[in-house]
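Engineer: In my numbering, the protein residues as written are 290 to 786. We put the beta carbon where it would ideally sit given N, CA and C, even for glycine. I'd like to ask some things about the structure below.
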Ligand code: NAP
């Protein structure tokens, strides 16, 4: 289907194949309230599908199911869990076009980007299938030479996984795959704006052989109605959340009362540093990827372009020209390069940030307006701003690139660190020594060196400061779902001494 516009019949056929219920104990059920929830297409504002609207009772039934099979699931052979994950990878890959189109319909990104997310998101299934069978503990002799010591890992237990709307497949696989690998059962709560991809994914994992009760999915109109009672229940042992910092903070407060393990992937405000020796064409290409992927609706999105004053004018001219060539249109259109913003409120928030930035002295180089017509499109925008402009301290979450300048490396580092967030950062320079000095001194969990996109299932993803706690992916990802047990063994030579 590459390069073609998708037909209405194809869209309907796919939508009708998506399960719309709540997945509890291996069965797709209706919500206990009898209520439904509409899911919209952000490119048109029209309803795509109505799904079951889960509430507290449904969430509790899901936790009952997860808790009931936890002990048995924890004892399954690692190879069995690995093969379920691997079959999940194969099935998602076979249905890549369905997943891509579904994400484009409910979230809006162009099909080419959705296909990229299928590749990225499915890889967590393959990566963790490989990690499952190579997750070892330690055996050693105590320093005194008497006891033998075993350190082993056990699944942390039933986990609540809460995902955002911006990467509907990858945010789910990044949590579900390591939880399966570790032997945890779970309740997945997808975002109400984009729950369909998670439902199709859960159905695929059933086909892959995941036993009933291991993965339960409850979507609903009230996130706190679903999470609230679970967070108070002593059977829940872990919450893994990806979303905004204020919601993450609230969940951590709730988690404290029940002493739950937490993983928090929160907001970002990524600096994109361009030094005077950088290859400017490569920097603009990287800037386009780091800013425009997902319409800028990414926690890793470059949010502050900090450019050396000697090359700033040339960088801005090239970057503005590239932004101006983009084509905001429904993601199913063959020539779409930018999809809509997720909803009208989010688009209004983006425009307000631009308006406030201009009021504070920022200049619009290109864009600066919502696009007229159906859907929630915003024209890709470049702002030239002073380094005290208010937009530099906000997570924009949209296709708006504020550019400011620095004169020295020290100033660049200071500006980069002038944020409460510490998730992604980008450095463009030909000098590897500059990269080492700067990456050592900036407070970010991820650094892209001459690269605008660095997320990869094999690498630990996560932030510092208000961007969160814990890591997803890499060798580290599975540890988030395990707890450590130490077994101390009496001296086997004692009787001989
Ligand atoms: P959000 O509003 O915080 O929502 C994220 C998830 O939390 C959704 O499932 C949402 O449910 C749920 N939620 C909202 N309020 C809740 C509450 N009181 N109790 C329990 N759950 C609650 O964030 P978003 O707008 O979806 O996503 C954008 C944010 O996510 C940005 O800040 C972005 O940087 C961050 N993000 C971070 C990463 C990362 O890896 N660090 C990755 C992607 C996104 P409903 O949507 O159903 O209400």
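1) Beta-carbon separation of residue 311 and residue 353 under 8 Å?
2) Give me the residue from 600, 386 and 707 with the minimum Cα distance to residue 406.
3) Any chance you could list the alpha helix (DSSP H) runs of at least 4 consecutive residues sitting entirely within the region 696 to 763, in chain order?
4) Please specify which runs of the beta strand (DSSP E), each continuous and at least 3 residues long, are wholly inside the region 467 to 520, giving them in chain order.
5) Given a threshold of 16 other Cβ atoms within 10 Å of its Cβ, counted over all protein chains shown, does residue 535 qualify as buried or as exposed?
6) Is it right to say residue 430 is buried, meaning 16 or more other beta carbons lie within 10 angstroms of its own, or is it exposed?
7) So residue 318 is in the beta strand (DSSP E); what residue range does that whole segment cover?
8) Considering only the alpha carbon of each residue, which of 733, 465, 359 and 488 lies closest to residue 338?
9) Around the Cβ of residue 777, are there at least 16 other Cβ atoms within 10 angstroms (buried) or fewer (exposed)?
10) With DSSP as the reference, identify every bridge partner of residue 341, one or two as the case may be.
11) With 16 as the cutoff for other CB atoms within 10 Å, does residue 257 come out buried or exposed?
12) Name the DSSP bridge partner or partners of residue 273?
13) Residue 263 to residue 581, Cα distance in whole Å?
14) Quick one: residues in its chain with C-beta nearer than 8 Å to the C-beta of residue 521, no 5 flanking neighbours on either side, listed in chain order?
15) Give the DSSP bridge partners of residue 652, in chain order.
16) Which residues bound the beta strand (DSSP E) around residue 546?
17) Cβ atoms of residue 370 and residue 491: under 8 Å apart, would you say?
18) For residue 584 versus residue 483, is the C-beta spacing smaller than 8 Å?
19) Once you ignore the five residues that flank residue 601 on each side, which residues in its own chain have a CB closer than 6 Å to its CB?
20) Between 412, 366 and 690, which has its C-alpha nearest residue 378's C-alpha?
21) Taking buried to mean at least 16 other C-beta atoms within 10 Å of its own C-beta, is residue 573 buried or exposed?
22) Please tell me whether residue 770 and residue 445 are closer than 8 Å, where the distance is taken between their beta carbons.
23) Hey, would you say the C-beta of residue 314 is under 7 Å away from at least one heavy atom of the ligand NAP?
Structural biologist: Reading off the structure:
1) no
2) 386
3) 698 to 706 and 721 to 730
4) 475 to 478 and 504 to 506
5) exposed
6) exposed
7) 316 to 318
8) 488
9) exposed
10) 325
11) Absent from the model: residue 257. The displayed extent of the chain is 290 to 786, so no value can be given.
12) The structure shown does not extend to residue 273, since the chain spans only 290 to 786, so no value can be given for it.
13) Residue 263 cannot be examined here, being either before or after the span of the chain that is shown, 290 to 786.
14) 543, 546 and 547
15) 673
16) Element bounds for residue 546: not the beta strand (DSSP E) but the alpha helix (DSSP H), 534 to 546.
17) no
18) no
19) 694
20) 412
21) buried
22) yes
23) no
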